[in-house]
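Residue numbers (our numbering), protein chains in the order written: chain A, 1 to 322; chain B, 1 to 322; chain C, 1 to 353; chain D, 1 to 353.
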Ligand SMILES: Cc1ncc(C[n+]2csc(CCOP(=O)(O)OP(=O)(O)O)c2C)c(N)n1
Ligand SMILES: Cc1ncc(C[n+]2csc(CCOP(=O)(O)OP(=O)(O)O)c2C)c(N)n1
Ligand SMILES: [Mg+2]
Ligand SMILES: [Mg+2]
């Protein structure tokens with residue numbers, strides 16, 4: 001079935017609600033309105049206000065009450081309206097959601113999914129385009145997933161909701177309307193997927209940057225480079241095996257993401273790939289990222305976001321001479 | 001003058017209050033009590049409640065009102081009582097403090113210092129021992145400083161308060177009672193310092209891990225390694241020059257910190273050092289860090305925290321054979 | 001150990017009925033009422049023009065204050081130039097009434113730099129998007145001014161939805177404990193995007209929150225411009241005199257959708273909107289002025305003309321595409337760019353060459 | 001468009017004087033009062049013993065509830081076994097009165113694992129340290145129980161300082177909007193570490209915050225155990241019957257320092273403490289029971305004996321050093337350890353060999 005990523009997410013939520021009465025959705029404007037991105041469209045009508053609830057406008061309250069619901073055995077799925085509006089819930093996320101299982105030595109698992117639309121490229125004003133994944137990656141106790149395809153949007157979200165651990169599920173805003181095939185079976189979370197094989201170098205990306213890398217790989221053919229593209233799909237846990245197998249084969253790698261480079265996700269990826277593939281590397285792992293600046297005004301965002309051009313420039317820097 | 005780090009910080013605050021009427025301290029229990037670590041001891045008595053204010057118990061409120069005070073031209077210095085208790089203020093920090101200058105194109109600078117006692121090793125219960133520096137490093141618009149010596153505690157805090165930009169000032173709890181010489185002149189923020197020269201390999205650390213590295217370097221002599229120790233002092237901006245000069249000389253490096261390894265500060269440090277020193281490196285940059293777990297109970301923390309033993313084990317892995 | 005409750009409690013509760021002036025037989029004030037009316041007419045035109053410009057792609061998004069102009073205008077007019085205004089994203093109109101260049105006020109919503117003006121020039125804080133986060137700023141600024149001995153009051157605007165955020169609570173509490181010269185105006189327009197007030201709060205009124213902080217709560221008809229102005233002026237005077245903060249809830253209605261991108265038909269019916277159209281703040285004040293013969297044809301024509309001039313200025317000012325310099329991406333992150341930012345700026349420059 | 005304020009407002013305000021039972025001539029309840037007293041005696045001994053154990057290094061830290069035992073005991077006794085208790089770090093005693101193993105309750109404060117017990121066994125949430133963050137958990141759990149059709153009420157404890165946090169506000173608002181079966185008990189002991197209530201709030205009382213959420217606020221003498229129990233039982237019954245949440249403020253006093261590590265002499269005088277010692281909850285109830293001849297010597301002796309047994313159990317249970325397994329560091333981060341955690345666990349094992 002062909003659908004959009006928003007449609008696939010909607011379908012995943014619907015199927016989860018239908019299959020498991022413990023699943024409850026909470027968020028701002030997710031009921032009657034169906035969410036500002038329409039990801040919950042029709043769900044309140046189908047399952048009622050108590051399964052798909054418009055909460056008061058308070059993110060710590062949303063995540064905190066969802067935590068209590070999970071303590072009672074429900075499986076809450078929380079929507080944060082935009083990336084930057086998840087920050088008020090940061091304490092609940094870091095100090096409770098990520099730690100409840102550990103703090104209680106397994107007695108209180110916390111099966112809770114936090115859906116966060118993230119990233120730029122949609123012309124959003126201030127606070128509507130943050131790439132905040134580094135914060136979640138740096139918080140032990142959270143799984144972090146982010147789909148780049150329609151199939152993964154459905155499949156990973158179902159897995160996230162079914163997980164007995166808390167999952168931060170990052171939805172790339174600018175792919176909400178991208179179309180693709182919905183296939184119910186996708187590889188499990190924690191596994192990266194080679195979206196495109198390539199012999200010259202490996203591009204490592206996730207979420208909104210995967211299509212950028214695929215475009216770059218396409219354009220690279222003209223320049224004689226055969227670039228592979230790995231889609232991480234899951235940032236925590238990290239699939240060292242798949243990523244390193246590729247990098248060892250090609251000996252060259254570039255990590256691409258929208259988040260600021262400094263202490264961004266690419267730092268960890270570059271560091272761990274280097275630790276594991278050092279003697280295979282012809283050049284240091286490249287990073288193509290957003291600049292180390294607050295997210296810029298929409299009219300300048302195209303300069304900030306990695307594009308195929310910048311990816312190829314980084315590939316060119318991979319010391320092809322030697 | 002010999003004093004403790006807590007004493008040096010107290011002195012820095014006192015001198016700043018005395019010199020600049022725009023400096024105001026805000027925090028929980030910083031007035032009458034002098035702070036739970038006594039860093040503000042005597043300041044309310046000397047400068048009055050309005051210069052050193054016991055606020056209501058609400059961290060977002062503290063940082064948010066301090067932001068408003070800075071907008072009016074004051075220089076607030078905020079104390080967060082413990083690392084994990086800064087999380088409620090995360091939205092104010094990320095969405096406002098870090099961005100006010102940029103958002104207003106320089107019209108509203110935000111000269112504000114956020115002091116945060118951080119790190120473990122003091123037997124603190126849950127939420128009292130977090131190493132949260134990765135969050136601040138990943139937030140463009142913030143300077144991040146952390147002293148490891150009494151002299152830097154004084155000097156860097158004075159610089160932080162004098163800075164026209166917001167500074168997250170991380171105070172290593174377990175060094176509060178460490179003694180040293182107070183010297184008013186220290187190198188400027190943004191500059192790393194070589195605490196100990198060494199020819200075999202370079203240990204890169206900051207804050208509470210600097211003494212650990214110095215001890216490791218001392219112990220390493222027996223094993224025939226001459227280890228240098230770089231104290232970063234400032235995580236943002238990062239002193240590539242000093243760090244890379246050392247690593248190029250030794251060809252081997254290990255980063256040490258208490259924070260969890262995954263997406264921790266060491267990821268950025270290892271990645272950027274590798275980018276800049278790739279062909280000088282005999283081995284990938286090592287990382288000795290806290291595990292990827294929520295901070296453990298006090299009775300287990302010694303296993304979690306990097307010690308000289310673990311540092312030396314990492315040094316041993318730096319491929320000395322070839 | 002005296003555990004008896006403070007007797008002031010009763011005085012801090014809001015009146016049982018929202019304060020109203022229009023239609024109560026109150027004597028019109030020829031100084032302020034016509035001026036309020038003139039601004040309401042301008043304000044309405046500003047709203048309709050800005051909304052129209054979104055349709056033409058000249059503005060990325062516009063959260064209209066149509067229906068709420070009485071609050072917007074009164075908020076701006078109640079303040080002295082030395083005071084500070086803390087607007088939310090919906091309050092561009094208030095900034096324009098306060099004197100901000102109408103095009104500069106829309107910078108954020110146009111995709112340009114987040115704050116298209118110098119906040120210190122007219123003492124208008126940046127339009128604030130993260131809900132309720134501007135409230136502690138207002139408190140801190142007011143507190144700082146008082147510490148400095150300056151006669152400055154801060155007025156902070158927030159929506160009904162925003163009152164649910166923790167920052168609302170913390171700000172009001174700090175204000176009361178510090179007796180800061182700050183006034184909080186909640187524009188209760190019945191909705192937070194699609195969420196009606198009943199899902200936001202079960203309180204008798206939002207103004208009833210005030211007593212829990214130890215400040216007075218006032219309730220006012222938010223479509224009655226003289227009433228809003230009056231209540232605001234009282235509260236500001238009280239703050240100025242050292243009496244501390246006040247929470248004001250203005251009952252109003254957002255006649256347009258949340259923004260041009262929103263489809264209000266999904267969550268509210270026409271009948272409800274129609275009922276509020278009958279209480280249009282322009283009509284309410286205009287009718288009363290006419291009844292008292294205070295709205296000459298000439299005055300009305302001049303007001304309309306002025307409004308059209310404002311609309312024309314908007315169209316002209318927003319006609320072209322703003323030219324932003326990519327180098328500015330790095331210019332104001334810090335007082336002086338770090339070495340890292342300098343090198344990133346250089347790399348971008350190379351790409352752009 | 002009906003803008004008149006809800007008439008219930010008046011009913012939601014707290015009584016002008018805190019509710020009291022002792023010394024009012026109320027008939028003693030022979031069912032509950034002696035049991036309350038027995039628990040108060042145990043509770044006091046628990047507090048003194050735990051504090052003593054900090055001095056011997058057997059406990060890392062202990063936030064004592066000496067002086068607040070009436071609140072602790074009443075909170076535990078007011079609940080049914082099927083209900084849930086959400087304690088803060090100061091409320092170990094309440095968990096012990098509810099039936100938790102007195103040594104397990106102190107795990108956190110001993111440096112052992114954060115929660116030394118299975119929260120589901122006795123329906124006691126983990127002792128919560130980040131202030132007020134447990135309140136939304138209580139609301140969510142109560143809401144979930146109601147959605148499931150279970151007859152479960154949650155009781156959440158918080159301090160006066162904790163009421164300043166945003167999470168307090170958000171939790172109470174959610175509770176009221178959802179009519180969740182939850183009761184909030186604020187133990188107003190006058191201080192947040194060193195900060196007195198006057199720097200925390202300017203409200204007539206903390207119970208006055210309730211009306212701002214649309215729930216009843218009750219004020220009770222927190223050293224009057226039957227009064228606290230009565231008010232709690234009313235509120236819990238109301239919640240159980242679908243009446244929604246209640247905010248209760250209990251006026252009490254922390255006779256000890258904040259924790260054993262705190263020096264209370266820095267921020268409060270002896271006279272203040274002495275005045276509160278005169279209103280010791282044990283003495284208040286004991287005297288009244290004695291006046292009514294309800295406290296036989298035998299009963300008193302048995303209570304003391306039980307208390308000593310509890311203290312002895314503490315000393316015995318905390319005598320040795322707990323043995324923690326370093327492998328457990330990795331065991332419960334996730335349902336199943338990630339490859340990364342497995343390899344970190346392996347590396348630690350190697351070091352320890
Ligand atoms: C912290 C935060 N959460 C969510 C949002 C997204 N959002 C923008 S406007 C809005 C509704 C606000 O309602 P209200 O406070 O009543 O103001 P109004 O729009 O009616 O003027 C929401 C949820 C936001 N801007 N900030
Ligand atoms: C979010 C947060 N900020 C700060 C602290 C540090 N802290 C621990 S107890 C305390 C005082 C709490 O006072 P109150 O709520 O009145 O409870 P009490 O200790 O009097 O029982 C503070 C500031 C914390 N635990 N959590
Ligand atoms: Mg609204
Ligand atoms: Mg207290």
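Where a beta carbon is used, it is the ideal one built from N, C-alpha and C, also for glycine.
From a predicted model like this one, the values you see are computed outputs, not experimental measurements.
Spatial distance of residue i from residue j (CA atoms)
i, j, result
"residue 102 of chain D", "residue 312 of chain D", "11 angstroms"
"residue 326 of chain D", "residue 305 of chain B", "12 angstroms"
"residue 70 of chain B", "residue 143 of chain C", "11 angstroms"
"residue 30 of chain A", "residue 261 of chain B", "36 angstroms"
"residue 23 of chain D", "residue 133 of chain C", "48 angstroms"
"residue 24 of chain B", "residue 167 of chain D", "27 angstroms"
"residue 319 of chain D", "residue 56 of chain D", "10 angstroms"
"residue 302 of chain B", "residue 217 of chain D", "47 angstroms"
"residue 15 of chain A", "residue 107 of chain A", "28 angstroms"
"residue 197 of chain B", "residue 229 of chain B", "7 angstroms"
"residue 325 of chain A", "residue 131 of chain B", "Only positions 1 to 322 of chain A appear in this structure, which leaves residue 325 of chain A out of reach."
"residue 21 of chain B", "residue 94 of chain D", "48 angstroms"
"residue 189 of chain A", "residue 203 of chain C", "44 angstroms"
"residue 157 of chain A", "residue 93 of chain A", "19 angstroms"
"residue 211 of chain A", "residue 245 of chain B", "38 angstroms"
"residue 305 of chain C", "residue 77 of chain C", "21 angstroms"
"residue 118 of chain D", "residue 276 of chain A", "40 angstroms"
"residue 262 of chain D", "residue 205 of chain D", "27 angstroms"
Residue i burial status per 10 Å Cβ neighbour count (16 or more: buried)
i, result
"residue 199 of chain D", "buried"
"residue 352 of chain D", "exposed"
"residue 100 of chain A", "buried"
"residue 83 of chain C", "buried"
"residue 145 of chain B", "buried"
"residue 32 of chain A", "buried"
"residue 11 of chain A", "buried"
"residue 321 of chain B", "exposed"
"residue 323 of chain D", "exposed"
"residue 173 of chain B", "buried"
Expected contact under 8 angstroms - CB spacing of residue i and residue j to nearest Å
i, j, result
"residue 153 of chain A", "residue 26 of chain A", "Contact flag wrong, Cβ pair sits at about 20 angstroms."
"residue 184 of chain D", "residue 247 of chain D", "5 angstroms"
Which residues, in chain order, does the region 111-144 of chain C contribute to contact with chain A at a C-beta distance below 7 angstroms?
Within the region 111-144 of chain C, the residues whose Cβ lies closer than 7 angstroms to any Cβ of chain A are, in chain order, 111, 112, 113, 114, 129, 130, 131.
Name the residues in the region 63-78 of chain B whose C-beta lies less than 9 angstroms from a C-beta of chain C; which are they?
Of all residues in the region 63-78 of chain B, those with a C-beta nearer than 9 angstroms to a C-beta of chain C are 63, 64, 65, 66, 67, 68, 69, 70, 71, 72, 73, 74, 76, reading in chain order.
Cβ pair count under 8 angstroms reaching 3, the region 140-154 of chain C against the region 106-113 of chain C
These segments do not touch.
Residues within the region 288-301 of chain A neighbouring chain C, beta-carbon criterion of under 8 angstroms:
Of all residues in the region 288-301 of chain A, 291, 292, 293, 294, 296, 297, 298, 299, 300 have a Cβ within less than 8 angstroms of some Cβ in chain C.
Can you give me, in chain order, the residues of the region 90-101 of chain A that have a beta carbon less than 7 angstroms from any beta carbon in chain D?
Contact residues of the region 90-101 of chain A toward chain D are 91, 92, 95, 96, 101 (C-beta to C-beta distance below 7 angstroms).
Name, going along the chain, the residues of the region 324-345 of chain D whose beta-carbon falls closer than 7 angstroms to a beta-carbon of chain B.
Under the 7 angstroms Cβ criterion, the region 324-345 of chain D contributes 324, 326, 329, 330, 333, 340, 341, 344.
What residues from the region 148-181 of chain C come within 7 angstroms of chain B, judged by C-beta to C-beta, listed N to C?
From the region 148-181 of chain C, only 166, 167, 170, 171, 173, 174, 177 have a Cβ closer than 7 angstroms to chain B.
Positions along the region 116-138 of chain A whose CB lies within less than 7 angstroms of some CB in chain C:
The residues in question are 123, 125, 126, 127.
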